[in-house]
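Under our numbering, the residue at position 32 of the sequence shown is numbered 40, and the numbers go up by one with no gaps. Cβ coordinates follow ideal geometry from the N, Cα and C atoms, glycine included. The model shown is predicted, which means the values in this text are computed figures rather than measured ones. Inspection log for the structure reproduced underneath, given as structure tokens.
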Amino acid sequence: MKKFLAILLAALMAFTMAACGGAASDDTDAAGNDAASAQNHATCTVTLDSGAVIVIGGAANDTVSKLGDHIDYMEAPSCVHEGSDKVYTYDGYTVTTSPDAAGNEYVAELALTSDVVALDNGVYIGCTLDEVKAAFGDSFEESFGVCKFTLDG
9 MKKFLAILLA ALMAFTMAAC GGAASDDTDA AGNDAASAQN HATCTVTLDS GAVIVIGGAA
69 NDTVSKLGDH IDYMEAPSCV HEGSDKVYTY DGYTVTTSPD AAGNEYVAEL ALTSDVVALD
129 NGVYIGCTLD EVKAAFGDSF EESFGVCKFT LDG
């Protein structure tokens, strides 16, 4: 059971980090503009069962401000660009933001951390592999017991 829970968590994280479509924009005149910066990232919209909408690849300020008060907050110097990666912890999930080359923050990751929250399609930590397949399809890669789903849109 622990192994499957790890597989499910990894699959959910892979889902959130998947190339979810949306072509990168050639608009490089985004200096200091968080919303314009979001146009330079491929985006994937994820809706939680609570109705919270998280746009992975979207402007961090837009998403974080709509999610309300976080339980915990942590930041560390980014390994990729100037600035800090930030992790906002909420009840049942975390949202990680990162700076881009222009210094604007975007949402880099959504990770479910407990079964108190689910995706709007019903997937949650503790689902069976069959339930995850029913939600995301059979198109996945398995490596070392981890299933990686890549989704479009």
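Residue burial classification, residue i (beta-carbon count within 10 angstroms, cutoff 16)
i, result
"T136", "exposed"
"Y98", "buried"
Cutoff 7 Å; reference residue i; Cβ partners in own chain excluding five residues on either side
i, result
"S151", "none"
"F148", "C155, K156 and F157"
"A109", "H89"
"D80", "T97"
"G91", "P107 and G111"
"V124", "D99 and G100"
Endpoints, beta strand (DSSP E) assigned at residue i
i, result
"S151", "F148 to S151"
"D80", "D80 to P85"
"E117", "E113 to L120"
Contacting residues, own chain, Cβ-Cβ under 6 Å from residue i (five flanking each side not counted)
i, result
"V88", "none"
"A126", "D57 and Y132"
"M82", "V95"
Contact belief for residue i with residue j at Cβ below 8 Å, rounded distance in angstroms
i, j, result
"Y101", "A119", "6 Å"
Residue i versus residue j: straight-line alpha-carbon distance, rounded
i, j, result
"H78", "V103", "10 Å"
"Y114", "T53", "13 Å"
"I62", "G145", "22 Å"
"G134", "S122", "9 Å"
"S86", "E117", "14 Å"
"G59", "D128", "8 Å"
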